[in-house]
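Student: Got a structure for you, questions after.
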Amino acid sequence: MLQAVFPFVRPLLHALDPETAHTLTLGGLSRLPLRDPPADDPRLRVTVMSRTFPNPVGLAAGFDKGAQAPDALLGLGFGFVEVGGVVPRPQPGNPRPRVFRLPEDGAVINRFGLNSEGLAVVRARLEARRGRPGIVGVNIGANKEATDRLADYVACTKGLAGLVDFITVNVSSPNTPGLRDLQGEAFLDDLLARVVAARDEAGAGTAVLLKIAPDIGLDGLDAMTATARRRGIDALVVSNTTVARPASLRAAAKAETGGLSGRPLFSPATRLLAETYLRVGTALPLIGVGGVDSAEAAWTKIRAGASLVQLYSALVYAGPGLVRDIKAGLVERMEAEGVPSLAGIVGRDAADLATSA
18 MLQAVFPFVR PLLHALDPET AHTLTLGGLS RLPLRDPPAD DPRLRVTVMS RTFPNPVGLA
78 AGFDKGAQAP DALLGLGFGF VEVGGVVPRP QPGNPRPRVF RLPEDGAVIN RFGLNSEGLA
138 VVRARLEARR GRPGIVGVNI GANKEATDRL ADYVACTKGL AGLVDFITVN VSSPNTPGLR
198 DLQGEAFLDD LLARVVAARD EAGAGTAVLL KIAPDIGLDG LDAMTATARR RGIDALVVSN
258 TTVARPASLR AAAKAETGGL SGRPLFSPAT RLLAETYLRV GTALPLIGVG GVDSAEAAWT
318 KIRAGASLVQ LYSALVYAGP GLVRDIKAGL VERMEAEGVP SLAGIVGRDA ADLATSA
């Protein structure tokens with residue numbers, strides 16, 4: 018139903034400022050009656066991180082920051098949903114306006130600054146959905162004013178382990194001053210060691226993921242992948258938004274500061290994904306994010322090394338029917354190539370895409 022009405026609702030939503038439109042959309046989703054996720058073609062199943070995902074198309078963090086509607090979002094056909102980012106103490110984030118549409122570019126710029134209702138609120142909502150079907154993860158960060166940011170990640174891990182399938186350690190948001198400094202090798206090693214220990218202490222089977230920035234160099238990628246493997250991280254998410262501004266951008270909002278997402282991020286994020294796969298191979302599953310707006314884009318991410326993909330910005334322009342279309346397109350490509358599962362093409366063209374994506 019939502020897929021059918023979106024073409025009529027979109028002009029109304031786009032007449033509003035982006036954050037207001039998003040708040041109304043999320044509020045509407047949170048009020049929908051709960052229903053189980055729709056059945057998927059079994060050929061779309063992906064087994065990674067000791068879990069079987071019904072399909073590889075996930076919703077990226079940032080859409081449902083407060084875990085208001087994960088089950089409604091799963092009901093749209095996503096194979097998994099990542100809520101958050103969550104920080105220990107409530108914080109308002111940056112002043113508005115802080116999100117901007119770039120329709121000519123199929124892109125979005127945001128500088129939310131990890132606005133969050135805080136750990137206690139999100140934990141209560143996730144506790145309330147305990148036992149519901151569907152794979153849900155949570156993205157965690159640190160408060161802007163924290164004096165011990167590593168302790169913030171540990172607090173979130175302890176508070177949420179066991180309530181979600183995975184926890185994504187976000188050290189790559191460009192909108193919290195100093196956060197990307199935690200991608201440095203020594204800081205990251207300490208951070209991941211503490212988060213994994215906190216997860217283990219909680220006795221939960223929750224997977225721990227690491228989300229990286231698309232703006233790091235290959236030397237930095239070498240260090241990050243080595244640290245992630247050494248510390249037993251379960252998967253890498255490649256990648257977050259970018260602070261770069263491609264010369265191809267046309268929209269007036271291109272001058273706004275913040276993280277750029279959507280179609281212009283596809284090529285650099287896919288190259289980084291492929292480079293990451295060349296370093297970790299099958300030892301560490303990868304989730305490909307950045308510019309996924311079609312079945313072809315998702316197929317390319319998988320060929321570059323992603324076992325799963327995530328999207329968000331494309332929903333602003335294409336609506337929820339995009340999820341169905343991507344899944345159908347993936348099945349068509351599998352049939353055309355005669356492959357029985359997506360696992361057979363993961364990373365198949367990583368070497369080529371590392372230079373040409």
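In the numbering used here, the protein residues as written are 18 to 374.
Glycine is no exception: its CB is placed at the ideal position from the N, C-alpha and C atoms.
Could you tell me whether the stretch 324-341 touches the stretch 90-107, using the rule of 3 or more Cβ pairs below 8 Å?
Tutor: yes
Student: How long is the line joining the alpha carbons of GLU354 and VAL363, rounded to whole angstroms?
Tutor: 14 Å
Student: So, helix, strand or coil for PHE80, using DSSP?
Tutor: coil
Student: In whole angstroms, what is the alpha-carbon distance linking LEU209 and ARG248?
Tutor: 6 Å
Student: In three-state DSSP terms, what is SER133?
Tutor: Collapsing the DSSP output to three states places SER133 in a strand.
Student: Since GLU99 sits in a beta bridge, which residues does DSSP pair it with?
Tutor: GLY154
Student: Mind checking who LYS344 pairs with in its DSSP beta bridge?
Tutor: Answer is none; LYS344 lacks a bridge partner.
Student: I'd like the span of the alpha helix (DSSP H) that includes VAL171, first residue to last.
Tutor: 166-177
Student: Output the boundary residues of the beta strand (DSSP E) element that contains LYS228.
Tutor: 224-229
Student: Check ILE362 in the structure and name its three-state DSSP category.
Tutor: ILE362 falls in the coil class under three-state DSSP.
Student: Applying the 10 Å Cβ sphere with the 16-neighbour rule, what's the burial state of THR317?
Tutor: buried
Student: VAL356 by DSSP, collapsed to three states: which one?
Tutor: coil
Student: Please return the same chain residues whose Cβ sits closer than 7 Å to the Cβ of ALA371, not counting the five positions on each side in sequence.
Tutor: Hits under 7 Å: ARG288, ALA291, GLU292, LEU295.
Student: Any idea if LEU33 is buried or exposed, counting beta-carbon neighbours within 10 angstroms, 16 or more meaning buried?
Tutor: exposed
Student: Going by the beta-carbon positions, is the gap between GLN108 and LEU43 smaller than 7 Å?
Tutor: no
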